[in-house]
Amino acid sequence: MTTAQIIIIATIVVYLFGMMLVGVIFNKAGAADTSDGFYIGGRKLGPLVTAMSAEASDMSSWLLMGLPGLAYLAGVAEVGWTAIGLAVGTYLNFLLVARILRRYSERIGAFTIPDFFSRRYADQENTLSVVAALIIIIFFVPYTASGFKAVGTLFNSLFGIEYHVSMIFGALIIVFYTTMGGFLAVSTTDLIQSIVMSIALITIIFFGLDKAGGMGVVMENAKSLPGYLNIMQGYDVTTNSASSYSLLSVASTMAWGLGYFGMPHILLRFMGIRNEKELTISRRIASVWVVISMAVAIFIGIIGYSMSLAGEIPMLNSSSSESETIIMKIADLMSQNGFLFAIVAGVILAGILAATMSTADSQLLAAASSVSEDFLQDFMRVKLTAAGQMIAARATVVGVAAVAIILAWNPNSSVFRVVSFAWAGFGAAFGPTMLLAL
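No gaps in the numbering here: position 75 of the sequence shown is 74 in numbering that gives the first Met the number 0, and each next residue is one more.
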């Protein structure tokens, strides 16, 4: 293991223990002593934390891996329309759903999405609640497993650390601060993780431009590829020609934004803000951040192509898994420039880890709440004391994480195909139900 790798690992370890410290701090403050506090933070989130935790839990590693990787291969068309759809979806979710959901959820005493549906639609038998809970469990447990897998794969591919050791270590970190501090700890770590992600994106832009030869060279190289910078075409790497991008393709990629109306881990942020009037500030912060971060991520893909032409990083092949490592390749190059650059590279890789963790912790908490609150207590009618509720809450977090670890044990397991349907599944199942409930 090289000196640069040791510095990077040390930087990431410091970051991970910082996340654990957040959990301890909120535990000592009593932020997770009640079910209301554990699952929605006692409705005490400020506007900044609400906005940034919603966006960090939304973006996952797709922001730092999938988006730049696809831009690197195919240009701006598909990633551009997807980003536009997600930006519009983010804005409309805050505008149309957030304030009314916050108001109604407090009025009817709901602090999970299934519980909100059941109470809002006056479902005395809690049938709607348990169906919604099952949908959350079906999609979020494999989704959480994919997050654990990403952690294991990251450490294994970068440092050669055994996959299972890395995966379990990452899972234990997430479980620790989630069980210790609950929703407020998860939301605060998400805020920190969004900052780390932002630092990673900005740093790579400046370093990448320098290594690629400047803005002029980057744009000339991009223009030389047919359709690469055309929002209505696209670049086909296999034929080295422009590919058509139909209006149907535009509509289908923009439709990703519709999924926001049904994302439980994002909707919970709206329920947890301390004052519904502050959601206006949150909407502005979230909308600006999501536009800038996705634009920067796309530009990193374009810069990466020029870095490959300049011989600074390898030319990545046409497989998506290869192109998605572009930020890792740039971070590795950066780490070879001395001690300080190695630390910055560690922060960048911590950003990828942060993107994964910020989604996994939120999904883990949402899935656990569906088990302990909606299924165990509301549907099964299990009566628990206040202390028993907290034991059940933390036990279900551990239980859901254990199942996710089992699912993630085989890194090539087909269970991860479920993840690709989760966004559409939540959007279709919960989106219309949520909008009609308002």
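A virtual CB, placed ideally from N, CA and C, is assigned to each residue, including glycine.
Owing to the predicted nature of the structure, the values given are computational and were not obtained by experimental measurement.
### Task
Could you check if residue 59 is buried or exposed, using at least 16 other CB atoms within 10 Å of its CB as the buried criterion?
buried
### Query
Are at least three pairs of beta-carbons, each pair with one atom in the segment 353–363 and one in the segment 135–155, less than 8 angstroms apart?
yes
### Message
With distance defined between alpha-carbon atoms, name the residue in 375, 404, 136 nearest to residue 390.
### Response
Answer by Cα proximity: 375.
### Task
May I ask you to verify whether the segment 266–285 touches the segment 44–63, counting CB pairs closer than 8 angstroms and requiring at least 3?
yes
### Message
Going by C-alpha to C-alpha distance, which of 148, 276, 341 sits closest to residue 9?
### Response
341
### Query
Counting only runs that start and end within the segment 209–278, where is the alpha helix (DSSP H) found for 4 or more residues in a row?
For the segment 209–278, the full-length alpha helix (DSSP H) segments reaching 4 residues or more read 214–222, 246–253, 263–271 along the chain.
#### Entry: Every unbroken alpha helix (DSSP H) within the segment 395–436, with a cutoff of 4 residues, ordered by chain
418–436
### Query
Is the CB of residue 24 under 8 angstroms away from at least one CB in chain C?
No chain C is part of this structure, which consists of one protein chain only.
### Query
alpha helix (DSSP H) containing residue 80: first to last residue?
First-last of the alpha helix (DSSP H) with residue 80: 76–91.
### Query
Exposed or buried, what is residue 18 when buried is set at 16 or more other beta-carbons lying within 10 Å of its beta-carbon?
buried
#### Entry: As assigned by DSSP and simplified to three states, the class of residue 44
strand
### Query
For the putative contact between residue 430 and residue 258, defined by C-beta atoms under 8 angstroms, what is the C-beta separation to the nearest angstrom?
7 angstroms
### Query
If we ignore side chains and look at the alpha-carbon of each, how far apart do residue 246 and residue 80 end up?
11 angstroms
### Task
Would you kindly check if the distance between the Cβ of residue 364 and the Cβ of residue 195 is under 8 angstroms?
no
#### Entry: Three or more C-beta pairs below 8 angstroms linking the segment 213–222 and the segment 378–392
no
#### Entry: Buried versus exposed, by CB contacts within 10 Å (16 or more), residue 218
So residue 218 ends up on the exposed side.
### Task
Under 8 angstroms by Cβ, that's how I've got residue 308 and residue 327 pegged, so tell me the actual separation to the nearest angstrom.
Actually they are not in contact, since the Cβ atoms of residue 308 and residue 327 sit about 19 angstroms apart, beyond 8 angstroms.
### Message
Quick check: residue 47 and residue 201, are their CB atoms within less than 8 angstroms of each other?
### Response
no
#### Entry: CA-to-CA distance, residue 26 to residue 230, given in whole angstroms
Roughly 49 angstroms between the two C-alpha positions.
#### Entry: Beta-carbon separation (whole angstroms), residue 20 vs residue 273, contact threshold 8 angstroms
With a Cβ gap of about 24 angstroms, residue 20 and residue 273 do not count as contacting.
### Query
Is the segment 329–343 in contact with the segment 25–41, if contact means three or more CB pairs nearer than 8 angstroms?
They do not touch, by the three-pair rule.
### Task
Return the residue from the list 91, 3, 130 that minimises the CA-CA distance to residue 378.
130
### Query
Roughly how many whole angstroms lie between the Cα atoms of residue 439 and residue 100?
Outside the shown range of the chain, which is 0 to 437, sits residue 439, and nothing can be said about it.
### Query
Which first and last residues belong to the alpha helix (DSSP H) in which residue 101 is found?
98–107
### Task
Within the same chain, show all residues whose beta-carbon is closer than 7 angstroms to that of residue 203, passing over the 5 residues directly before and after it, in chain order.
299, 326, 329, 347
#### Entry: Three-state class that DSSP yields for residue 382 in the structure shown
coil
### Query
Exposed or buried, residue 433, counting other C-beta atoms within 10 Å across all chains shown (16 or more means buried)?
buried
#### Entry: Spatially closest choice to residue 57 from 289, 121, 147, by CA coordinates
289
### Query
residue 306: buried (16+ other C-beta within 10 angstroms of its C-beta) or exposed?
buried
### Query
For residue 72, which residues from the same chain have a beta carbon less than 6 angstroms from its beta carbon, with the 5 sequence-adjacent residues on both sides left out?
The residues 236, 322, in chain order, have a CB closer than 6 angstroms to that of residue 72 in the same chain once the five nearest residues on each side in sequence are set aside.
#### Entry: CA nearest to the CA of residue 277, picked from 33, 83, 97, 66
97
### Query
What do you get for residue 372, buried or exposed, if any count of 16 or more other CB atoms within 10 angstroms of its CB means buried?
Residue 372 counts as buried, since at least 16 other C-beta atoms from the protein chains shown sit within 10 angstroms of its C-beta.
### Query
Taking the Cβ atom as the reference point for each residue, do residue 438 and residue 282 lie within a distance shorter than 8 angstroms?
No statement about residue 438 is possible, as the shown extent of the chain runs from 0 to 437 and does not include it.
#### Entry: Own chain partners of residue 178 with C-beta closer than 6 angstroms, once the 5 adjacent residues on each side are dropped
393, 396
### Task
Name the residue from 370, 287, 409 whose alpha carbon lies nearest to the alpha carbon of residue 90.
287
### Message
Quick check on DSSP: helix, strand or coil for residue 35?
### Response
helix
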